[in-house]
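K.L.:
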Amino acid sequence: MPEGFYWEIGDRNGARSSGTVSGSNTPTASQVIPIASSSKWVYSTYVLQKSGSVRLADVPFLSFTSGYVFPPLKAAKEVVCGLTETVGQCAADVIQSPAASGNFYYSAGHFQYHAANIMGLGSLGALSLTTEIASQIGAFDFAYLQTNLAGGLNASANGYGAFLRRMLRGDYLMSSQLGSHKVCGSAACAAGLVLSPAPSNEAWNYSLGHWVEDDPTLGDHAFSSAGALGFYPWIDSSKTWYGVLARRASAPGGNQGVVSLNCGRLIRQAWVTGVTVTDTTPTPPR
1 MPEGFYWEIG DRNGARSSGT VSGSNTPTAS QVIPIASSSK WVYSTYVLQK
51 SGSVRLADVP FLSFTSGYVF PPLKAAKEVV CGLTETVGQC AADVIQSPAA
101 SGNFYYSAGH FQYHAANIMG LGSLGALSLT TEIASQIGAF DFAYLQTNLA
151 GGLNASANGY GAFLRRMLRG DYLMSSQLGS HKVCGSAACA AGLVLSPAPS
201 NEAWNYSLGH WVEDDPTLGD HAFSSAGALG FYPWIDSSKT WYGVLARRAS
251 APGGNQGVVS LNCGRLIRQA WVTGVTVTDT TPTPPR
């Protein structure tokens with residue numbers, strides 16, 4: 001990872017260890033950067049907090065099986081909405097795809113349609129959206145510079161770490177729902193899967209706006225939300241530890257999140273087991 005990265009591990013009370021691997025574009029712990037799909041965990045937490053419960057009608061949108069997706073001709077919206085577009089204006093390009101309905105289809109369209117038409121956020125611009133999300137989960141240093149709910153958030157490792165600490169303390173409804181309503185999000189385990197950034201040889205599941213690293217060989221059942229620029233936040237399966245790997249790749253791409261995940265899960269393994277990791281293949285404790 002030539003850009004370098006900052007990493008941090010902690011528990012509900014604070015950071016316990018951190019470090020930096022220097023590179024060409026290494027963020028600091030407090031530097032606010034685009035976090036791409038790591039935004040999804042934040043929005044889904046907001047939804048549950050605002051609603052006060054897990055509403056069954058929300059589940060297909062938060063687990064990418066609703067069928068509401070951005071079509072190929074609007075693929076740019078998967079990454080970014082127009083800088084002046086409201087949530088609803090961006091959502092106007094979402095379609096309901098019969099092929100995607102009931103199947104896992106990784107698209108920002110699910111969240112955008114849900115925010116505009118179910119959560120009532122359609123009239124909000126980026127600044128108002130930032131304020132609304134903060135009203136339910138806390139401000140931290142989170143900021144939307146555009147209105148893509150699935151990928152438009154900017155945050156620092158410090159800010160996201162504080163969010164995860166609140167998750168570990170049980171401050172959010174999501175705290176008790178990590179891993180709930182999960183569906184297979186990988187070609188390794190889902191015959192009906194339409195589109196996924198997960199490696200085709202690893203059986204990952206997807207819960208409410210976050211991944212569950214359930215592969216029977218390489219997975220340790222951690223909860224995570226890697227982004228296409230390399231930001232990788234996680235909570236371990238015991239809900240004892242959180243971690244953030246803050247990285248800003250020079251160009252976005254689905255594999256950048258996987259690259260950071262591959263690194264981050266080795267750091268997690270070393271921390272949880274207390275054993276130095278010398279192999280790039282995880283050997284998680286069972």
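Anchor point for the sequence shown: position 102 equals 102 in the numbering used here, and the numbering is continuous, going up by one each time.
Note that the Cβ used here is the ideal one computed from N, Cα and C, for glycine as well.
Is the beta carbon of Val42 sitting closer than 8 Å to the one on Ile137?
P.N.:
The answer is yes: Cβ separation under 8 Å.
K.L.:
Between which two residues does the alpha helix (DSSP H) carrying Pro60 extend?
P.N.:
Pro60 -> alpha helix (DSSP H) spans Val59 to Leu62.
K.L.:
Is the distance from the Cβ of Val258 to the Cβ of Gln269 below 8 Å?
P.N.:
No, they are not a contact pair.
K.L.:
Which one of Thr273, Gly209, Leu261 and Leu153 has the shortest CA to CA distance from Ala36?
P.N.:
Closest option to Ala36, Cα to Cα, is Leu153.
K.L.:
To which residues of the same chain is Cys189 closer than 6 Å at the C-beta, ignoring the five residues directly before and after it?
P.N.:
These residues qualify, in order along the chain: Ala203.
K.L.:
For the 8 Å Cβ check, are there 3 or more pairs between the segment 210 to 220 and the segment 5 to 18?
P.N.:
Because the criterion of three Cβ pairs below 8 Å is not met, the segment 210 to 220 and the segment 5 to 18 do not touch.
K.L.:
With a cut-off of 8 Å on the beta carbons, I'd call Leu48 and Leu173 a contact; round off their distance for me.
P.N.:
Their Cβ separation, rounded to whole angstroms, is 4 Å, which keeps Leu48 and Leu173 in contact under 8 Å.
K.L.:
For Val259, name the three-state secondary structure that DSSP assigns.
P.N.:
DSSP places Val259 in helix when its eight states are reduced to three.
K.L.:
Can you look up Arg16 in the DSSP assignment and give me helix, strand or coil?
P.N.:
The answer is strand: DSSP assigns Arg16 an E or B state.
K.L.:
Got a sec, what are the start and stop residues for the alpha helix (DSSP H) Glu132 sits in?
P.N.:
First-last of the alpha helix (DSSP H) with Glu132: Ala126 to Ile137.
K.L.:
Measuring alpha carbon to alpha carbon, tell me which residue in Ser128, Ala226 and Phe5 is nearest Ser30.
P.N.:
For the residues Ser128, Ala226 and Phe5, the minimum Cα distance to Ser30 belongs to Phe5.
K.L.:
Would DSSP call Trp271 helix, strand or coil?
P.N.:
DSSP places Trp271 in helix when its eight states are reduced to three.
K.L.:
Figure out for me which residue from Ala198, Pro72 and Ser176 has the closest Cα to the Cα of Ser97.
P.N.:
Nearest C-alpha to Ser97: Pro72.
K.L.:
With DSSP collapsed to three states, give me the class of Gln112.
P.N.:
Residue state, collapsed to three classes: helix.
K.L.:
What residue ranges within the segment 29 to 60 form continuous alpha helix (DSSP H) runs of no fewer than 4 residues, ordered along the chain?
P.N.:
If we require 4 residues or more, the alpha helix (DSSP H) runs fully inside the segment 29 to 60 come out as 39 to 51.
K.L.:
What is the residue span of the alpha helix (DSSP H) that Asn158 lies within?
P.N.:
Residues Ala157 to Leu168.
K.L.:
Exposed or buried, what is Thr281 when buried is set at 16 or more other beta-carbons lying within 10 Å of its beta-carbon?
P.N.:
That one is exposed.
K.L.:
Which residues in the same chain have their Cβ closer than 8 Å to the Cβ of Ala222, if we skip the five residues on either side of it in sequence?
P.N.:
So the list reads Val212, Glu213, Trp234, Ile235, Asp236, Ser237, Arg265 and Arg268, once near-sequence residues are dropped.
K.L.:
Go to Val87, then tell me how far its alpha helix (DSSP H) extends in each direction, as first and last residue.
P.N.:
That run of the alpha helix (DSSP H) goes Val87 to Ala91.
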